[in-house]
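Asker:
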Amino acid sequence: MHHAARDLSHGSRPSRRHAMAAAMTRYDPATIEPKWQGFWDKDDTFRTPEGIDRPKMYILDMFPYPSGSGLHVGHPEGYTATDIVARYRRATGYDVLHPMGWDAFGLPAEQHAILTGTHPRETTAKNIETFKRQLKMLGFSYDWAREVDTTSPDYVKWTQWIFLKLFERGLAYQSEIPVNWCPALGTVLANEEIVNGVSERGGHPVERIPLRQWVLKITAYADRLLEDLDHVDWPNSTRIMQQEWIGRSEGAEVEFDVAGHDAVIEVFTTRPDTLFGATFMVLAPEHPLVEVITTPEHRAEVNAYVQQAKNKSERDRQASKEKTGVFTGGHAVNPVNGAEVPVYIADYVLWGYGTGAIMAVPAHDERDFEFAKAQRIPIVEVVSKTGKPSDSPLAEAMVEDGTAVNSGKYDGLPTAEIKKRITEDLEAAGKGRARVEYKLRDWIFSRQRYWGEPIPIYFPVECEGDPRAGDAHVIRYDQPMAVAAKELPLRLPELDDYKPGEDPAGVLARARDWRFFQRDGRWFARETNTMPQWAGSCWYYLRFVDPHNAETLCAPELAQRWLPVDLYVGGAEHAVLHLLYARFWHKVLYDEGVVSAKEPFKKLVHQGMILGEGGQKMSKSRGNVVNPDDIVAEFGADSMRVYEMFMGPLEATKPWSTSSIAGVRRFLDRVYAVAQRADAEARPDAAMTRLLHRTIRKVTDDIEGLRFNTAISAMMVLSNELMKLDQVPAEAIEVLAQLLHPFAPHLGEEVWEMLGHRPSIQEHPWPSYDPALCEEDEVEVPVQVNGKVRGRITLPKDASQDQALAAARELPNVAAQLDEKPLRKTIWVPGKILNLIV
RNA sequence: GGCCGAGUGGCGGAAUUGGCAGACGCGCCGGACUCAAAAUCCGGUGUCCGCAAGGACGUGUCGGUUCGAGUCCGACCUCGGCUACCA
């Protein structure tokens, strides 16, 4: 244990007499919590140290979107967890970076602006103020000098700077692509922002129209994003989700000549080994060859199907799993055997993946099997488990590996082998080659909104007069030009009206004075799209490292000092999108030389959801929302913090219980009460010494393992034992205060001060334990007969089997059993159990 | 349908490596203090049988491995989250 921490030389030394004589004061969080929050502010207790001689620890929360409704009880869960680790690490000699900021661009403030005319900037500032007040009220040890706000011009400048780097590297490009246009929201949505065919926010219908968009080439980083998942300490489920999202698959592209046309249908398949079983082909309805190969007698039917597929919303496509499609009348030639197979169109083939066309092998693909059944297309088995073709027709698709059959010269080869051989042969014949496909698509990066970062690009304008006056003009979108870095940030124009218009160019298109400008006598037009909300959160962890740097987004030596983030805590809902986008930008910045760590977040933990009292999701409509302001007013911030950590494992979903938080408050009341009885003369006896050491060990280990619920339980046990003492050793209270302070920092500081020490408690070294003092001299060991406990014996901790057996024979219960039957076997696990088999 | 996770008292949960199931807290019951109540403190509290000593049963279900299973293996049931025609 650290003896320096017991220096009682200054301040009032609490004596037993003193404590007994003075009237006991009640624990009053409403007084002590503001007191210590004021002290921390004045003392600058949580400023991030700037030296480099001590080990560093970067502990980060997913920063919140400051919504109008203020903090939810779910927020403090993760924030308390990281705060405990931050305070614990400071006390154990680390330089800690623990910052907080605001992901403040976003639709709600803009929607509010549309309704009320209030500028989103004002709404956002007000909401930030509320959030910050609430976070301060909870006593989190953030270094507020590093606060960042993604909407501040200073921050936007660097978000735009990163965009320019992406543009320079060819990773940001424009594309005229069918996008998810949501008329109600007046914007385009990313695939991820659509759930069940309607917008994630608001549930509005979404239609697909072709529009010019900015797209980020995240697919160029697919392999690195995949491979580096092996080097992060993340929840397995999250790594799997990212792997599946990236969706790498190895296969081959194969060319099928179209019979009677000078055209080729290119397909991607992961099963080139099943080529001999390809009994038909399917094109996506959007495939350009549909026009070419459709025969006159099928044209009407095909056109109708294409039209129907176009009108079908994503939701309708998903609603039915039934395989529909029509025959085009065209045929294609299988390159391995020259067979002519019919070509269909069907909407189960997606235009956005692979080549938008497949070779269909009904015998070995469930979807093709269903389609073939519906269309009465022959099914040819080319893989079998036994190495021989089946006697009866297949009842379902056989999708597993096996041995090739009905495949000409490849018969008898195992699946892996024929895949390789057939791909090589196709390549030699110029009819195919190995190919890797990803589910991951490039990231549609533009939004037609106001409250986002303007994309720092402009275009030449061909115009006879003044485009601001509405004179006819042509914007040369094919000649995008980067805004000069020294002109950043490119600020948003002021508007009177934020309503989305019918113009898919976005709200900013209406700000003509902003949009058009003249330079050297020529007109130019700014990009009117803004960035999606993800942009700011892609790199905020980096800005926290060097938040006020005006020269660069983050000095490389500081990035080197602090990155990667050692512990990142946030909701599982960001398992894919935010975490994948941030990793992508990080890797670009790595290539750019800004950061030297390959991955931004080393260890990641998702806190679980907090449900309402009844076990239901908290929601306004259920009326079961718990407001942190109310809880703090009634029980105090420390009770709220300790309760949220005591509810259960950090990662678990768990229901709120107001009577349980009252129990936690009683625990803190008792700590405060017993602290007033601290006696500097009293010494802990052997049993208390052992308990102290064991508690230090348990709490230390549990904090490191993020098992806060069991750490709190151990401290409750300690305080219960201290309550029983007539004379309470001050050194025991010191230990309790130190162990408790990361969880209940205000009470920790208060007790520390009551003991006569100078604040802050976290500047005093964390207590250490002696493993030898944790051990009992004697252990109580259960005695089993035939696996059932029949009694207990108390033995020295290193007792032998013979000693144990002798002691066991003394137990009447055991002796009776042993008298009846002979002892056949003895199992002795020292210190754990004695099991006698009779 | 696929993937991931979880099923333990009235409730939240504990048991980190196969070794006393139910730590700690809530709730409930009893007691002390009080004229009384609240607060606080003390004791009890898995279920069943028993006056008791004690015994039987018990970690979603069924089976297996083991001296011994909440923990390991196999099959299944239920709940939650994510995902959903990616060739």
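Our numbering numbers the first residue of the first sequence as 6 and each following residue consecutively. Just so it is clear, CB atoms sit at the ideal spot from N, CA and C, and this is done for glycine as well. Please read all numbers here as calculations on a predicted model, not as lab measurements.
1) Please classify LEU231: does DSSP put it in a helix, a strand, or coil?
2) What's the C-alpha gap between ASP148 and THR135?
3) Taking the alpha helix (DSSP H) that SER644 falls in, what are its first and last residues?
4) Residues in its own chain within less than 7 Å of HIS698 by CB, not counting five upstream and five downstream?
5) Taking the alpha carbon of GLU492 as the point to measure from, which residue in ILE462, ARG481 and ILE480 has its own alpha carbon closest?
6) Could you spell out where the beta strand (DSSP E) holding HIS124 opens and where it closes?
7) Secondary structure at GLU405, three-state DSSP: helix, strand or coil?
8) Contact defined as beta carbons within less than 8 Å: I believe ALA114 pairs with THR97. What is the distance between those atoms, to the nearest angstrom?
9) Is the Cβ-Cβ distance between GLU375 and GLY282 less than 9 Å?
10) Give the DSSP bridge partners of GLU442, in chain order.
11) What residues match up with ASP66 in a beta bridge as DSSP calls it?
12) How should SER542 be labelled, buried or exposed, when 16 other C-beta atoms within 10 angstroms of its C-beta is the threshold for buried?
13) Which residue comes first and which comes last in the alpha helix (DSSP H) that contains MET105?
14) Give the straight-line distance between the Cα atoms of ALA27 and GLY106, rounded to the nearest whole angstrom.
15) Expressed to the nearest angstrom, what Euclidean distance is found between the alpha-carbon atoms of GLN767 and ALA692?
16) Taking the straight line between their C-alpha atoms, what separation do you get for TRP567 and ARG446?
17) Pop quiz: GLY668 and PRO34 are said to be a contact at Cβ under 8 Å. What is the actual Cβ separation, rounded to whole angstroms?
18) Secondary structure at ASP49, three-state DSSP: helix, strand or coil?
19) From the DSSP output, which residues share a beta bridge with GLN523?
20) Under 7 Å Cβ to Cβ from GLY844, same chain only, skipping five residues before and after it: list those, please.
21) When you compare the stretch 452-459 with the stretch 497-515, are there three or more beta-carbon pairs, one atom per stretch, that lie closer than 8 Å?
22) Kindly indicate the opening and closing residues of the beta strand (DSSP E) around VAL193.
23) DSSP beta-bridge partners for ILE350?
24) Rounded to whole angstroms, what is the Cα-Cα separation between HIS124 and VAL237?
25) Tell me the rounded alpha-carbon separation between HIS7 and LEU696.
26) So the alpha helix (DSSP H) GLY83 belongs to, where does it begin and stop?
27) In whole angstroms, give me the CA-to-CA distance for PRO104 and ILE708.
28) DSSP state of SER664, grouped into three classes?
29) Starting from ALA657, trace the alpha helix (DSSP H) in both directions and tell me its first and last residue.
30) Taking the alpha carbon of LEU730 as the point to measure from, which residue in SER718, LEU744 and ALA680 has its own alpha carbon closest?
31) Would you kindly work out how many angstroms separate the C-alpha atoms of ARG304 and GLU260, rounded to a whole number?
32) According to the neighbour-count rule (16 or more other Cβ atoms, all chains shown, within 10 Å of its Cβ), is LYS162 buried or exposed?
33) Taking DSSP as the reference, what is the three-state secondary structure of GLU205?
34) When burial is assigned at 16 or more other CB atoms within 10 Å of the CB, is MET728 buried or exposed?
35) Compare the beta carbon distance of PRO240 and ALA577 with 9 Å and say whether it is the shorter of the two.
Answerer: Looking at the atomic coordinates:
1) Of the three classes helix, strand and coil, the one that applies to LEU231 here is helix, per DSSP.
2) Taking the straight line joining both Cα atoms gives about 18 Å.
3) Bounds of the alpha helix (DSSP H) holding SER644 are 642-651.
4) Around HIS698, the same chain offers TYR774, ASP775, LEU778 and CYS779 as residues with beta carbons nearer than 7 Å, after the five sequence neighbours per side are excluded.
5) Closest in alpha carbon position to GLU492, among ILE462, ARG481 and ILE480, is ILE462.
6) Note, HIS124: premise wrong, no beta strand (DSSP E); not H, not E.
7) DSSP places GLU405 in coil when its eight states are reduced to three.
8) In this structure ALA114 does not touch THR97 by the C-beta definition: roughly 41 Å separates them, more than the 8 Å allowed.
9) Cβ distance not < 9 Å, so GLU375 and GLY282 don't count as in contact.
10) According to DSSP, which records beta bridges pairwise, GLU442 is partnered with SER254.
11) The partner list for ASP66 (beta bridge, DSSP) reads VAL574.
12) So SER542 ends up on the buried side.
13) Taken as a continuous stretch (DSSP letters only), MET105 belongs to no alpha helix (DSSP H), as it is neither H nor E.
14) Confidence at ALA27 is low in this model, with a pLDDT of 48, below 50, so its placement is unreliable and the value that follows should be read with caution. Rounded to the nearest whole angstrom, the CA to CA distance from ALA27 to GLY106 is 45 Å.
15) Their backbone Cα atoms lie some 27 Å apart in a straight line.
16) Looking at the two C-alpha atoms, the distance is approximately 32 Å.
17) Between PRO34 and GLY668 the Cβ distance is about 16 Å, and since that is not below 8 Å, they are no contact.
18) Note: ASP49 maps to coil in three-state DSSP.
19) Beta-bridge pairing by DSSP links GLN523 to TRP528.
20) Nothing can be reported for residue 844, as the shown portion of the chain is limited to 6 through 843.
21) The stretch 452-459 makes contact with the stretch 497-515: 3 or more CB pairs, one atom from each, lie closer than 8 Å.
22) Where VAL193 is concerned, the enclosing beta strand (DSSP E) stretches over 192-194.
23) ILE350 pairs with LEU288 and VAL331.
24) Going from the Cα of HIS124 to the Cα of VAL237 covers about 41 Å.
25) Any answer about HIS7 is weak, because its pLDDT of 39 lies below 50 and its placement is not dependable; what the coordinates show is given next. Those two C-alpha atoms are separated by around 16 Å.
26) Per DSSP, GLY83 belongs to the alpha helix (DSSP H) from 79-96.
27) CA-to-CA, the gap between PRO104 and ILE708 works out to about 20 Å.
28) It is helical.
29) Following the DSSP letters along the chain, one finds ALA657 in no alpha helix (DSSP H), marked with neither H nor E.
30) The shortest Cα separation from LEU730 among SER718, LEU744 and ALA680 belongs to ALA680.
31) Answer to the nearest angstrom: the Cα atoms are 24 Å apart.
32) Buried, because 16 or more other Cβ atoms sit within 10 Å of the Cβ of LYS162.
33) Correct three-state label for GLU205: coil.
34) Classification for MET728: exposed.
35) The beta carbons of PRO240 and ALA577 sit closer together than 9 Å.
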